[in-house]
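Written out below as structure tokens is the structure these notes cover.
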Amino acid sequence: MRFRHVPQGRTHARLASSPREAVSVVSWNDERLLPEGDDNVPSGRYRREVAASSRPTYWQDWAVPAVLFIAAQYEIWFPGVANGSGPRLAFSVVAALSAALLLLRRRRALTAALVISALMVAPMALGWFIESTSMVLMLGVSLFAAGRYAPRPAAYVAVPATALVVLLSATVDPVQGSFSDAATWSLNTVWVFALGAAFRHERVLRDKAATAAAAASRAEAAEERVRVARELHDVLTHSLSVVVIQAEVADTYLDSDPDLARQAVRRVADTARDALRDTRRMVGVLRSPGEVEPGPTALGVADVPALVERTRESGLPVTLEVSGDLPTLTAQGTAAAYRVVQESLTNVLKHAAQAPTRVLLAAGDGGVVIDVWDDGTLLHPSPSSTGVGLVGMRERVRSCGGELSCGPGTHGGFWVRAVLPAAADPR
1 MRFRHVPQGR THARLASSPR EAVSVVSWND ERLLPEGDDN VPSGRYRREV
51 AASSRPTYWQ DWAVPAVLFI AAQYEIWFPG VANGSGPRLA FSVVAALSAA
101 LLLLRRRRAL TAALVISALM VAPMALGWFI ESTSMVLMLG VSLFAAGRYA
151 PRPAAYVAVP ATALVVLLSA TVDPVQGSFS DAATWSLNTV WVFALGAAFR
201 HERVLRDKAA TAAAAASRAE AAEERVRVAR ELHDVLTHSL SVVVIQAEVA
251 DTYLDSDPDL ARQAVRRVAD TARDALRDTR RMVGVLRSPG EVEPGPTALG
301 VADVPALVER TRESGLPVTL EVSGDLPTLT AQGTAAAYRV VQESLTNVLK
351 HAAQAPTRVL LAAGDGGVVI DVWDDGTLLH PSPSSTGVGL VGMRERVRSC
401 GGELSCGPGT HGGFWVRAVL PAAADPR
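Under our numbering, read the sequence shown as residues 1 to 427, first letter to last.
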């Protein structure tokens, strides 16, 4: 698997290199480069350690050890800089090995901390000591790295190991003071480790926030795709149903009534143009926000009379009744009202031939009540039908806080009722 570096805090998606490999999302920051969803990568608290072991080396990784190594060599070899006893070459080797181990502080943090502690103890076991600030800083850096990068709970071993170095120094260094003073100084290992652990926790929280944001973004994109698919279904099924009926009319009356056939052909063209325009508008939302072309205002309750008139011209005997003053709906609600009527009439065209149909819009139940029913022979009488149209209507109505019910009529045919809540009073 190959990775491509992306800026910190962002995600990069690439296509899989084989059919077996799914789309891989790679998250990058200054501590890890990790393929999300890889079965070969452990999950949970060990993902960070696996990622840290495979990260590339940067100048920060070697700059700190290099500076401390040079400073330690200066303290060791220049007379009067650091007091001590024992061969200077031994301390020089210890400093060099400790600096080299610091290069592994991100990949093998616990190993580096324990080995550096052991290197510091080795001269003390022989009664040698040196007062080198740089070597103390090496020990502190390794402890901090263990708190930040080492796996839990093994990382906690680094605290007593480092504290032991401080305590043993009191037995060989006369300047160090009493053992009680050394014990007090050893408590510094706790806050150094805790500081590294705090950085680790901050990164975990940041990663969780990034993961949650990515999940929310994917959910929003999926919801938008469902919405577009629902809109396309409504537009295309209604338009194609009208086109089929008008094409059959044109074919039937082409010889006996050419004028009627030409009218049917014109309706086919008009319906196709309307469907094409609506399709272009809806597909535009799939583009990036800056590229979406301006489209017409979404259709709503005010467009229902025109919809019913076009459906009547296509050959379906449908009537519309508006009872009372309809309350104002939200933008989502008025679009849902239009689509419910459109889908209901489309289902009549598809499943009930030219059955007489009635559409009623009325105020009630704190909003607008829409009733559509026909007197035809129903081909699919089950109210729990899994058809895309009915499912889409339910989803659309529920998304704006309404309710939809449907089923076979008591005297035949099929009925659909949608109750859409009115918009909140801005006052």
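All C-beta atoms, glycine included, are put in the ideal place defined by N, C-alpha and C.
Presumed contact (8 Å Cβ cut-off) between residue i and residue j, rounded CB distance
i: Gly367; j: Leu420; result: 5 Å
i: Thr346; j: Thr237; result: 5 Å
i: Ala170; j: Ala109; result: Not really, about 27 Å apart at Cβ, beyond 8 Å.
i: Val391; j: Leu361; result: Rounded, the Cβ-Cβ distance is 23 Å, inconsistent with contact.
i: Leu167; j: Ala182; result: 5 Å
i: Gly147; j: Phe193; result: 4 Å
i: Ser241; j: Asp274; result: Ser241 to Asp274, Cβ: 13 Å. No contact.
Burial state of residue i, where buried means 16 or more other Cβ atoms lie within 10 Å
i: Pro65; result: buried
i: Gly80; result: exposed
i: Tyr338; result: buried
i: Gly402; result: buried
i: Ala158; result: buried
i: Ile70; result: exposed
i: Glu75; result: buried
i: Leu68; result: buried
i: Ser344; result: buried
i: Pro258; result: exposed
i: Leu205; result: exposed
i: Ala336; result: buried
i: Val226; result: exposed
i: Asp255; result: exposed
i: Phe144; result: buried
i: Glu231; result: buried
i: Ser180; result: exposed
First through last residue of the beta strand (DSSP E) which encompasses residue i
i: Phe199; result: Where Phe199 is concerned, there is no enclosing beta strand (DSSP E), although the alpha helix (DSSP H) it sits in stretches over 188 to 252.
i: Glu321; result: 318 to 323
i: Phe414; result: 414 to 421
i: Ala362; result: 357 to 364
Close Cβ partners of residue i (< 6 Å) along its chain, the five nearest in sequence each way excluded
i: Asp207; result: none
i: Arg312; result: Val318
i: Leu404; result: Met393, Arg394, Val397, Ala418
i: Leu97; result: Leu119
i: Gly140; result: Val192
Three-state secondary structure assigned by DSSP to residue i
i: Thr330; result: coil
i: Glu403; result: strand
i: Phe78; result: coil
i: Glu293; result: Note that Glu293 scores 44 on pLDDT, short of 50, meaning its location in the model is unreliable and no value can be drawn from it.
i: Val397; result: helix
i: Val41; result: Any reading at Val41 needs caution, since the residue's pLDDT is 40, under 50, leaving its predicted position unreliable; the model's value is listed next. DSSP places Val41 in coil when its eight states are reduced to three.
i: Gly84; result: strand
i: Trp59; result: helix
Where the alpha helix (DSSP H) containing residue i begins and where it ends
i: Arg262; result: 258 to 283
i: Trp373; result: No alpha helix (DSSP H) contains Trp373, which is instead part of the beta strand (DSSP E) from 367 to 374.
i: Phe91; result: 88 to 102
i: Pro123; result: 109 to 125
i: Arg148; result: 133 to 149
i: Pro153; result: First-last for Pro153: undefined, no H or E at that position.
i: Arg106; result: Note, Arg106: premise wrong, no alpha helix (DSSP H); not H, not E.
i: Thr311; result: 304 to 313
Test: residue i CB closer than 9 Å to a CB of chain D
i: Ile70; result: The structure shown contains no chain D; it holds only a single protein chain.
Contact set for residue i: own chain, Cβ-Cβ below 7 Å, skip 5 residues either direction
i: Asp375; result: Ala355, Pro356, Gly412, Gly413
i: Trp62; result: Leu103
i: Val341; result: Val304, Leu307, Val359, Ile370, Val372
i: Leu326; result: Val301, Leu361, Ala363, Val368
Sequence-distant residues of the same chain with beta carbon closer than 8 Å to residue i, five excluded per side
i: Gly127; result: Ser85, Gly86, Val172
i: Gln246; result: Ala264, Val265, Arg267, Val268, Thr271, Ser314, Gly315
i: Val249; result: Leu260, Ala261, Ala264, Gly315
Distance cut-off 8 Å: residue i Cβ against heavy atoms of the ligand ZN
i: Leu167; result: This structure simply doesn't include the ligand ZN, nor any ligand for that matter.
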